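**Student:** With the sequence shown counted from 1, adding 728 to any position gets you the numbering used here.
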Amino acid sequence: QVQLVESGGGLVQAGGSLRLSCAASGSTSSINAMGWYRQAPGKQREFVATISSSGSTNSADSVKGRFTISRGIAKNIVYLQMNSLKPEDTAVYYCNADVHSGLRNWGQGTQVTVSS
729 QVQLVESGGG
739 LVQAGGSLRL
749 SCAASGSTSS
759 INAMGWYRQA
769 PGKQREFVAT
779 ISSSGSTNSA
789 DSVKGRFTIS
799 RGIAKNIVYL
809 QMNSLKPEDT
819 AVYYCNADVH
829 SGLRNWGQGT
839 QVTVSS
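#1: Would you say the region 740-747 touches the region 771-785, given that touching needs at least three Cβ pairs under 8 Å?
#2: Evaluate the contact criterion for the region 819-832 versus the region 785-802: three or more CB pairs, one atom per stretch, below 8 Å.
#3: For Asp826, name the three-state secondary structure that DSSP assigns.
#4: In angstroms, rounded to a whole number, what distance separates the CA positions of His828 and Val730?
#5: Provide the residue(s) that pair with Ile797 in DSSP beta bridges, ordered along the chain.
#6: Leaving out five residues on either side along the sequence, give the residues of the same chain with a beta carbon under 6 Å from the beta carbon of Ala788.
#7: DSSP beta-bridge partners for Gln731?
#8: How would you label Gly783, buried or exposed, when you count the other beta carbons within 10 angstroms and need 16 or more for buried?
#9: Considering only the alpha carbon of each residue, which of Leu732, Thr785, Thr841 and Asn804 lies closest to Ser757?
#10: Starting from Ala761, trace the beta strand (DSSP E) both ways and give me its first and last residue.
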């Protein structure tokens with residue numbers, strides 16, 4: 729089992745920045761990749777960005793050039809640096825960890841609100 733705890737959400741004006749953090753605990757050696765999804769009110773959860781155990785990254789077209797996913801020195805921590813935020817980025821952001829068994833673990837989510 730992997731437990732995930734997100735932090736760093738909040739309220740920011742359009743054009744501003746936030747950095748989200750996700751700390752994994754438990755069976756962290758079983759993690760293949762970690763990433764971020766988001767869910768806006770009335771919409772489906774959507775992919776934001778991911779980083780593999782080897783450090784390769786991928787992100788959604790809607791956030792390319794604005795959001796950056798990275799890992800801490802302790803590789804059980806993942807960050808999402810969000811710059812040039814837009815009102816349409818408003819959502820609950822969820823951290824995920826994919827493990828060797830194929831199971832996807834989720835955090836509890838952190839709210840990001842971007843005001844216009």
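Ideal Cβ placement from N, Cα and C applies to all residues, glycine included. Just so we're clear, the structure is a prediction, and the values are computed from it rather than from any experiment.
**Tutor:** In terms of the structure at hand:
#1: no
#2: no
#3: strand
#4: 11 Å
#5: Leu808
#6: Phe775 and Val776
#7: Ser753
#8: exposed
#9: Asn804
#10: Ile759 to Gln767
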